[in-house]
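Shown next, in structure tokens, is the structure this report addresses.
In the numbering used here, the protein residues as written are 8 to 494.
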């Protein structure tokens, strides 16, 4: 009995000593990795922490996982890195849980899964992990893996002590996203914040930038409330109700239905797709060339774009419609125009007051951000000599604002995998496909019955050739499309 007790005591002592040794190694590794030293002996750190990770120490597993992900001190292996970080996250380590959320969001060592990213961010945030709370706020801000919701974004930013969370709180208060606009409170968050983003944002807005941006939209509508420089909501509401009553059902368009000269508005929204930030004139002409091909001429921002285009199933595919627009609110000291590439447009037709309108959801991405552009709508009417009244301009905006972005895709452009997300308001029979524009080859992603709520699928696209693709989500009888590009 005494011998068994001695062995048990020995094992316990060795276990405590091993834990103490791992703790010392972890503290040393953290100090080295977070230092400003030019040379860091990652090989040594990896060799010292590996036994601790293998023995099940969650924080060591997290470090080893990150070293595999980045190729520090070991040959890069994202799958192995994911495995170690997943073990640490399951072991209830909040740092690893946040990192696992990042891996699911980026698709490193795993398939992109925004839902799982949100799930692990949530677990870490529940343990007061500030970076995870910030990440959740950012997901709600952009609508990644969750319904876009400014109020939820602000709530999570407020729970975080992370500097970038404070930055975005300042931005939200300045722009009135999810909270009542309050410049003084915005400045409280932005001034003194350690991030360069906040310092740059303060420099670039020059306090009055918000008024300038809103005024641009006012001038386009001519029905602004001069008091607070916002588009008069009653005008848009009334116009939307009238437009909705006259909308009718979406019909399938053919090339002959869009031939002719059209004029109207290019409307760029915030991330919610409801607040117009930029309203610009645009003219588009569709015609047939001598070979019978459909071609377009687009006049926008003082430039002319001409090309042969393809129009099929209400989708317009075009190349070369690239343009630059100034950043409305820059978060960087290097202020540069944003480079937009338009991939395609999902077009519908509406009739209002005996006038035909073409509406388009524009699929675009911004190269410098490597992200989809914010929601953009076009609303066009036949071009003639008639002067557009302020009320008709309000109708243009109201018509455009009815079209919301249904399908979320990530990344844009995509490579080895493509995340497709959408939200169902009601249970529905759903069919999801990915079709090549060049070859018409179709990948069937899913045919299933789904409940209401956020839905997502990740498609392995490694074997697909580069080019343009149409994501099509059929919700019962209703069809949603989105144009994406593989590079």
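Heads up, the beta-carbon is just placed ideally off N, CA and C, and yes, glycines get one too. Here the structure is a predicted model, which means the values were calculated and not measured.
(1) Should residue 472 be labelled buried (16 or more other beta-carbon atoms within 10 Å of its own) or exposed?
(2) Out of 328, 434, 430 and 426, point me to the one whose CA is closest to residue 441's CA.
(3) Let me know the beta strand (DSSP E) ranges lying completely inside the stretch 290 to 365, each 3 residues or longer, listed in chain order.
(4) Around the Cβ of residue 477, are there at least 16 other Cβ atoms within 10 angstroms (buried) or fewer (exposed)?
(5) Three or more beta-carbon pairs under 8 Å between the stretch 443 to 459 and the stretch 137 to 156, yes or no?
(6) Of the residues 62, 197, 65 and 70, which one's Cα is nearest the Cα of residue 50?
(7) With C-beta atoms as the reference, is residue 387 less than 8 Å away from residue 352?
(8) Which residues does DSSP list as the beta-bridge partners of residue 476?
(9) First and last residue of the beta strand (DSSP E) that includes residue 456?
(10) Considering just the uninterrupted stretch of the alpha helix (DSSP H) at residue 125, what are its terminal residues?
(11) Go ahead and label residue 140 buried or exposed: buried means 16 or more other beta carbons lie within 10 angstroms of its beta carbon, across all protein chains shown.
(12) Between the Cα of residue 382 and the Cα atoms of 390, 391 and 369, which residue gives the shortest distance?
(13) Using a Cβ-Cβ cutoff of less than 6 Å, which residues in the same chain neighbour residue 337 once the five nearest sequence positions on both sides are dropped?
(14) Return helix, strand or coil for residue 233, following the three-state DSSP convention.
(15) In chain order, what residues of the same chain lie with their CB nearer than 7 Å to the CB of residue 94, ignoring the 5 residues before and after it?
(16) Pick helix, strand or coil for residue 436, following the three-state DSSP scheme.
(17) Once you ignore the five residues that flank residue 118 on each side, which residues in its own chain have a CB closer than 7 Å to its CB?
(18) On the three-state DSSP scale, how would you describe residue 83?
(19) Nearest-angstrom Cα distance between residue 120 and residue 87?
(20) From residue 129 to residue 302, what distance separates their C-alpha atoms?
(21) Looking at the unbroken alpha helix (DSSP H) that takes in residue 53, where does it start and where does it end?
(22) Check this for me: beta carbons of residue 153 and residue 176, under 8 Å apart or not?
(23) Taking the alpha-carbon of residue 415 as reference, which of 446, 445, 391 and 378 has the nearest alpha-carbon?
(24) Taking residue 375 and residue 345 to be in contact with their CB atoms under 8 Å, please state how far apart those CB atoms are, rounded to whole angstroms.
(25) If you compare alpha carbons, which of 178, 115 and 133 is closest to residue 145?
(26) Check each candidate in 136, 77 and 79 and name the one with the smallest Cα separation from residue 96.
(27) Hey, how far is the Cα of residue 234 from the Cα of residue 491?
(28) In terms of residues, what are the limits of the beta strand (DSSP E) holding residue 101?
(29) Here's a check: name, in chain order, each residue in its chain whose Cβ is nearer than 6 Å to the Cβ of residue 438, leaving out the five neighbours to either side.
(30) The beta strand (DSSP E) spanning residue 258 covers which residue range?
(31) How far does the alpha helix (DSSP H) with residue 64 in it extend, from its first residue to its last?
(32) Use the C-beta contact count for residue 340: other C-beta atoms within 10 angstroms, 16 or more gives buried, fewer gives exposed.
(33) Starting from residue 429, follow its DSSP beta bridges and name the residues at the other end.
(34) Suppose the cutoff is 6 Å on Cβ atoms and the five residues either side in sequence are ignored; what does the same chain contact list for residue 265 look like?
(35) Below 8 Å CB to CB, which residues in the same chain sit around residue 506 once its five sequence neighbours on both sides are set aside?
(36) Please classify residue 65 as buried or exposed, where buried requires at least 16 neighbouring CB atoms within 10 angstroms.
Short version:
(1) On the chain shown, position 465 is the one that residue 472 refers to. The residue in question, residue 472, is exposed, as its Cβ has fewer than 16 Cβ neighbours within 10 Å.
(2) On the chain shown, position 434 is the one that residue 441 refers to. Of the candidates 328, 434, 430 and 426, the one whose C-alpha sits nearest the C-alpha of residue 441 is 426.
(3) 301 to 307, 310 to 315, 317 to 319, 322 to 324, 329 to 332 and 345 to 359
(4) For this step, residue 477 is matched to residue 470 along the chain shown. Result: buried.
(5) no
(6) If you number the chain shown from 1, residue 50 lands on position 43. Residue 70 is the option with its Cα nearest to residue 50.
(7) Here residue 387 refers to the residue found at position 380 when the chain shown is read from its first residue. Here residue 352 refers to the residue found at position 345 when the chain shown is read from its first residue. It is not a contact, given that the beta carbons lie outside the stated cut-off.
(8) By one-based count along the chain shown, residue 476 stands at place 469. Per DSSP, 443 and 491.
(9) Working through the chain shown from its first residue, we reach residue 456 at position 449. Here the beta strand (DSSP E) through residue 456 covers 449 to 457.
(10) Locating residue 125 in the chain shown gives position 118, where the first residue counts as 1. Here the alpha helix (DSSP H) through residue 125 covers 121 to 133.
(11) By 1-based counting over the chain shown, the position of residue 140 is 133. Counting Cβ neighbours within 10 Å, residue 140 comes out buried, since at least 16 surround it.
(12) Start at 1 with the first residue of the chain shown, and residue 382 comes out as number 375. The residue with the shortest Cα to Cα distance from residue 382 is 369.
(13) The residue labelled residue 337 in the question sits at position 330 within the chain shown. Cβ within range, chain order: 211.
(14) What you label residue 233 is simply residue 226 of the chain shown in a count that begins at 1. Caution is warranted here: a pLDDT of 34 is assigned to residue 233, below 50, making its placement in the model unreliable, and the coordinate value is therefore given only provisionally. Coil, per DSSP.
(15) Looking up residue 94 in the chain shown gives position 87. Cβ within range, chain order: 68.
(16) In the chain shown, counting from the first residue as 1, residue 436 sits at position 429. DSSP places residue 436 in strand when its eight states are reduced to three.
(17) Position 111 of the chain shown, counting from 1, holds the residue named residue 118. Excluding positions up to five away in sequence, the list reads 424 and 465.
(18) Counting from 1 along the chain shown, the entry for residue 83 is found at position 76. Coil, per DSSP.
(19) Start at 1 with the first residue of the chain shown, and residue 120 comes out as number 113. Start at 1 with the first residue of the chain shown, and residue 87 comes out as number 80. Near 18 Å, if we compare the C-alpha coordinates of residue 87 and residue 120.
(20) Locating residue 129 in the chain shown gives position 122, where the first residue counts as 1. Locating residue 302 in the chain shown gives position 295, where the first residue counts as 1. Residue 129 and residue 302: Cα-Cα distance of roughly 49 Å.
(21) Numbered from 1 along the chain shown, position 46 holds the residue referred to as residue 53. Its alpha helix (DSSP H) spans residues 49 to 61.
(22) Position 146 of the chain shown holds residue 153. Position 169 of the chain shown holds residue 176. No, these two residues do not count as a Cβ contact at 8 Å.
(23) Here residue 415 is taken as the residue at index 408 of the chain shown, counted from 1. When only C-alpha atoms are compared, the closest one is 378.
(24) The residue labelled residue 375 in the question sits at position 368 within the chain shown. The residue labelled residue 345 in the question sits at position 338 within the chain shown. With 8 Å as the limit, residue 375 and residue 345 qualify as a contact, their Cβ atoms being about 6 Å apart.
(25) Start at 1 with the first residue of the chain shown, and residue 145 comes out as number 138. Answer by Cα proximity: 178.
(26) Taking the chain shown and counting its residues from 1, the one referred to as residue 96 is at position 89. Closest by alpha carbon: 136.
(27) The residue given as residue 234 occupies position 227 in the chain shown. The residue given as residue 491 occupies position 484 in the chain shown. Note on residue 234: pLDDT 31, under 50, position unreliable in the model; the coordinate value appears next. Approximately 41 Å between the Cα atoms of the pair.
(28) Taking the first residue of the chain shown as position 1, residue 101 is located at position 94. Taken as a continuous stretch (DSSP letters only), residue 101 belongs to no beta strand (DSSP E), being part of the alpha helix (DSSP H) at 101 to 113.
(29) Reading the chain shown from its first residue, position 431 is the one you call residue 438. Closer than 6 Å at Cβ, skipping near neighbours: 454 and 481.
(30) Position 251 of the chain shown holds residue 258. Unbroken run through residue 258: none, as it is neither H nor E.
(31) Within the chain shown, numbered from 1, the residue matching residue 64 stands at position 57. Careful: residue 64 lies outside any alpha helix (DSSP H) and carries neither H nor E.
(32) The residue you call residue 340 lines up with position 333 of the chain shown. Residue 340 is exposed by the Cβ-count criterion.
(33) Indexing the chain shown from 1 puts residue 429 at position 422. According to DSSP, which records beta bridges pairwise, residue 429 is partnered with 462.
(34) Looking up residue 265 in the chain shown gives position 258. Correct list, in chain order: 293.
(35) Outside the shown range of the chain, which is 8 to 494, sits residue 506, and nothing can be said about it.
(36) By 1-based counting over the chain shown, the position of residue 65 is 58. Residue 65 should be labelled buried.
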